[in-house]
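Heads up, the thing below is written out as structure tokens.
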Amino acid sequence: MTYAPVGGSGGTRQAEELLGRQGAHRVHGAPVEQAQAEDAPQRIGMAVVGAGYWGPNLVRNAQQTAALRLHWLCDLDEERAGRVLGRYSTVRTTTSFDEVLADTRVQAVAIATPAATHYRLVRAALEAGKHVLVEKPITTTADEAAELVELAERRGLVLMCDHTFCYTPVVRRIRELVHGGELGDLQFFDSVRINLGLVQPDVDVLWDLAPHDLSILDFVLPPGVVPVGVSAQAADPIGAGRACVAYLAVRLSNGALAHRHVNWLSPTKVRTTLIGGSRRTLVWDDLNPQARLAIHDRGVDLTPPEEVTDAIRRRTLISYRVGDMVAPALGEQEALRGVMAEFAAAVTEGRAPLTDGRSGLRVLRLLHAAARSLELGGAAVPVAVQDSTAAA
Ligand SMILES: NC(=O)c1ccc[n+]([C@@H]2O[C@H](COP(=O)([O-])OP(=O)(O)OC[C@H]3O[C@@H](n4cnc5c(N)ncnc54)[C@H](O)[C@@H]3O)[C@@H](O)[C@H]2O)c1
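Printed below as a string of structure tokens:
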């Protein structure tokens, strides 16, 4: 299956989880909180494009980020943009993206329009010399994404992809633990994202739900470990005309396996991720606020051959470790606040953001490889040139 929009109500259900958990409020039809102080020269002038479901969340978080100064909200439907801002806002509305790009106060734009428009809008913004924060998926094809990554790098501009889950406190902590070597060598990485979901009219369950788990995988994997191939299986057992259940197996360069299960047909909601290492295993149960993240000092040891005596050789080489479980305290910060802070910091410091255009491209390649595998009846599809902008 080729790309179909990932946003709409499918992405929205996940987003509601994200926003709801962080205690965020929506701004549709209500005045946006004006948390910004008077203009300061060092603040980054900004515009948001798209005032549909997700754009207002970017507006609210941009306005609550001291390093940013929002000047414009652009939408083809100007009334909608006006409703988002409320009557007393000093932020201007327009239907013209060109007007936004022509404003020299605007140094950065955040794009929250449908995915099919991302390539054109991001390219125009980069060509106008603006830094860009773009919603996921970065574009609809890997060729387009690679072109944008290359353009941003050539122009010395920040191109960041809003992989929102990567900015939740729990995913940040998981990344620290994995990158800090707490888990030892990565052995497996399983995630389950299932519930009774609305069958989307234009997108299958893979494109609806897997982008979140693949962006988390990309964010958390230890340096040097990359996906090398994907095989996917999917089914449409209710005759909906598109896959409602999908399983993705992502083979990693160190021999480990990552598995994603996404499903619209499960009567029980499950949001669980397990990351197994040679020293410890993490269990992230997003529906358990008491112990959202648990670190288990338990696992399986294999006696190294040099330590094997004749006596041991007669027994099994495998032993089981049963140690403590620790549930670390996690902060409560809305993920999008972290997105905005990272975007502003990347622009100010002239560096690549944590979820840069390249990460958007890598996630897109995994999705396309999974879709290709489905077309091939589940065959393993290699994921090529992981850290290059060359088209896959
Ligand atoms: N990060 C997340 O968790 C998350 C959650 C939901 C949606 N999204 C993403 O956000 C993007 C938007 O999704 P949505 O659900 O808000 O869509 P939406 O359809 O609700 O809103 C899109 C808005 O963009 C406007 N628009 C379209 N083309 C435009 C153009 N050329 N110039 C100006 N405005 C234009 C439309 O009028 C509409 O108001 C998608 O890429 C989606 O995948 C991300």
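With this note's numbering, you'll find the sequence shown wraps up at 1564, consecutive numbering, no jumps. The beta-carbon is built from N, C-alpha and C at its ideal position, and this holds for glycine as well.
Who are the near neighbours of arginine 1252 in its chain, counting only those whose CB is closer than 6 Å to its CB and skipping five residues on each side?
Ala1223
Relative to the alpha-carbon of valine 1442, which residue among Ala1317, Ser1363, Gly1356 has its alpha-carbon at the smallest distance?
Of Ala1317, Ser1363, Gly1356, the smallest CA-CA separation from valine 1442 is found for Ser1363.
Going by C-alpha to C-alpha distance, which of Glu1271, Leu1230, Gln1236 sits closest to arginine 1215?
Gln1236
CA-CA distance, valine 1321 and glycine 1356?
33 Å
Since leucine 1257 contacts threonine 1267 with CB under 8 Å, what's their CB separation in whole angstroms?
That pair is no contact at about 14 Å.
From alanine 1406 to alanine 1300, what does the alpha carbon distance come to, in whole angstroms?
42 Å
Using only the alpha-carbon positions, how far apart do arginine 1327 and aspartate 1469 sit?
47 Å
Can you tell me which of the three DSSP states aspartate 1362 falls into?
strand
Which residue spans inside the stretch 1278-1303 form an unbroken alpha helix (DSSP H) run of at least 4?
1290-1299
Consult DSSP for glycine 1550 and reduce its assignment to one of helix, strand or coil.
coil
In terms of residue numbering, what span does the beta strand (DSSP E) encompassing asparagine 1233 cover?
That residue, asparagine 1233, is in no beta strand (DSSP E); its alpha helix (DSSP H) goes 1227-1235.
Among the candidates Val1371, Ala1466, Arg1537, Thr1340, whose CA atom is the shortest distance from the CA of methionine 1512?
Out of Val1371, Ala1466, Arg1537, Thr1340, the CA that lies nearest to the CA of methionine 1512 is found in Thr1340.
Tell me the DSSP bridge mates of methionine 1512?
Note: methionine 1512 is not bridge-paired with any residue in the DSSP secondary-structure output.
Tell me where the alpha helix (DSSP H) around histidine 1335 begins and ends.
Here histidine 1335 belongs to no alpha helix (DSSP H), and DSSP marks it neither H nor E.
Drop a sphere of 10 angstroms on the beta-carbon of threonine 1311, count the other beta-carbons inside from all chains shown, and report buried for 16 or more, exposed for fewer.
Label assigned to threonine 1311: buried.
What are the boundary residues of the alpha helix (DSSP H) that includes isoleucine 1447?
No alpha helix (DSSP H) contains isoleucine 1447, which is instead part of the beta strand (DSSP E) from 1437-1449.
Does DSSP classify arginine 1432 as helix, strand or coil?
When DSSP states are grouped into helix, strand and coil, arginine 1432 belongs to the strand group.
Could you tell me which whole alpha helix (DSSP H) segments of length 4 or greater appear in the stretch 1366-1427?
1377-1392
Below 6 Å, is the gap between the Cβ of cysteine 1246 and the nearest heavy atom of ligand 1?
Cysteine 1246 Cβ: within cutoff of ligand 1.
Examine ligand 2 and report whether any of its heavy atoms sits within less than 6 Å of the Cβ of tryptophan 1379.
In terms of ligand content, the structure shown lacks ligand 2 and carries ligand 1 instead.
In terms of residues, what are the limits of the alpha helix (DSSP H) holding arginine 1327?
In the DSSP annotation of this structure, the continuous segment of the alpha helix (DSSP H) that includes arginine 1327 starts and ends at 1314-1327.
When you compare the CB positions of phenylalanine 1337 and isoleucine 1410, do they come within less than 7 Å of one another, or not?
no
Run through DSSP, which three-state label would alanine 1499 get?
coil
Do the stretch 1373-1391 and the stretch 1410-1420 make contact, defined as three or more Cβ pairs closer than 8 Å?
yes
Tell me, please, whether the stretch 1267-1286 touches the stretch 1233-1249 by the rule of three or more beta-carbon pairs shorter than 8 Å.
Touching, yes, given that three or more Cβ pairs across the two stretches are closer than 8 Å.
DSSP on arginine 1198, reduced to helix/strand/coil?
Low confidence applies to arginine 1198: its pLDDT is 34, below 50, so where it sits in the model is not reliable enough to give any reading.
Quick one: residues in its chain with C-beta nearer than 6 Å to the C-beta of glutamine 1208, no 5 flanking neighbours on either side, listed in chain order?
Because glutamine 1208 sits at a pLDDT of 47, beneath the cut-off of 50, its placement in the model cannot be relied upon, and the following sentence gives the value as read from the coordinates. The answer, listed in chain order, is Gln1235.
If you reduce the DSSP assignment to three classes, tell me which class isoleucine 1467 lands in.
strand
On the DSSP bridge list, what partners appear for alanine 1219?
Trp1244, Val1281
Taking the beta strand (DSSP E) that valine 1455 belongs to, which residues open and close that run?
1453-1457
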